[in-house]
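> Before I ask anything, let me first share the structure, which is written out below as structure tokens.
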Amino acid sequence: MDPYQYRKLACAALRCRLTSVLTFRSSHRLALRPLLMSENLLSIPVTTIKGEQKTLADYAGKAVLVVNTASKCGFTPQYKGLEKLWLDYKDKGLVVLGFPCNQFGKQEPGDESAISGFCELNYGVSFPLFKKIDVNGAQAHPLFVQLKQQAPGLLGSERIKWNFTKFLIGRDGALVKRFAPLTKPEELTGEIEALLR
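Each residue of the sequence shown is one higher than the one before, starting from 636 at the first, in the working numbering.
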């Protein structure tokens with residue numbers, strides 16, 4: 636066996652081992668921390684960008700796409716795709732919720748009025764937007780703390796890596812999946828349609 640083939644085989648074995656460890660770690664962690672989404676997640680208070688108090692229970696019976704957003708990010712054009720998802724599926728039971736965050740490269744520096752105006756003017760955003768929050772660290776909003784615990788990212792990390800990380804929640808309030816910022820909104824249509832059947 637030449638060195639290249641040996642290295643390739645060793646990498647494949649390591650990937651297999653790592654996958655089994657992560658699968659065990661993830662399932663073991665979920666077994667240790669059972670969380671009834673329909674009770675806990677839905678009761679967390681959130682504040683709209685206009686200052687209204689809500690909870691996810693206000694969207695009971697709907698599939699919910701939660702996204703941390705920013706106005707000055709390379710992924711900001713995803714607002715257009717998020718708005719399209721909202722318009723295409725809102726009458727079928729989907730709600731898109733945008734949570735502005737300034738933790739990644741200070742790419743959401745404006746206040747709520749500036750954020751709302753920017754989104755409406757540049758992308759025609761009509762889906763619900765919320766007050767600017769932190770998604771990581773000691774001041775992380777409880778909603779994102781719960782979402783990250785239930786759907787860890789790459790290699791089991793709970794930390795959100797960048798703007799436009801997406802969490803899809805089913806009609807029953809159970810978290811379905813976490814999507815990386817690189818996942819474009821239009822790539823979620825299959826998952827969304829499956830939830831809305």
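C-beta atoms are modelled at their ideal positions from N, C-alpha and C, and glycine is treated no differently.
Near residue 817, which residues of its chain fall below 6 Å by C-beta distance, leaving aside the five closest residues on each side in sequence?
Sequence index remark: in the sequence shown, residue 817 carries index 182 (1-based). Closer than 6 Å at Cβ, skipping near neighbours: no residue.
> Roughly how many angstroms separate the alpha carbons of residue 721 and residue 790, rounded to a whole number?
In the sequence shown, residue 721 corresponds to position 86, counting from 1. In the sequence shown, residue 790 corresponds to position 155, counting from 1. Answer to the nearest angstrom: the Cα atoms are 30 Å apart.
> 8 Å is my cut-off, CB to CB: does residue 691 come that close to chain D?
Although the question refers to chain D, the structure presented lacks it and comprises just one protein chain.
> Excluding the 5 residues preceding and the 5 following residue 704 in the sequence, name in chain order all residues of the same chain whose CB lies nearer than 6 Å to its CB.
In the sequence shown, counting from the first residue as 1, residue 704 sits at position 69. Excluding positions up to five away in sequence, the list reads 733, 735.
> Note down the Cα distance separating residue 767 from residue 829, rounded to an integer number of angstroms.
In the sequence shown, residue 767 corresponds to position 132, counting from 1. In the sequence shown, residue 829 corresponds to position 194, counting from 1. In this model, residue 767 and residue 829 are separated by some 31 Å (Cα to Cα).
> In the DSSP assignment, what residue or residues form a beta bridge with residue 698?
Stepping through the sequence shown from its first residue, residue 698 is reached at position 63. Its beta-bridge partners are 729.
> Short check: CB of residue 716 to CB of residue 826, under 8 Å?
Here residue 716 refers to the residue found at position 81 when the sequence shown is read from its first residue. Here residue 826 refers to the residue found at position 191 when the sequence shown is read from its first residue. Cβ atoms of residue 716 and residue 826: not closer than 8 Å.
> Using a threshold of 8 Å, state whether the C-beta atoms of residue 778 and residue 679 are closer than that.
For this step, residue 778 is matched to residue 143 along the sequence shown. For this step, residue 679 is matched to residue 44 along the sequence shown. A contact, by the Cβ cut-off of 8 Å.
> Tell whether a beta-carbon distance below 8 Å holds between residue 810 and residue 831.
The count along the sequence shown starts at 1 and reaches residue 810 at position 175. The count along the sequence shown starts at 1 and reaches residue 831 at position 196. Cβ distance not < 8 Å, so residue 810 and residue 831 don't count as in contact.
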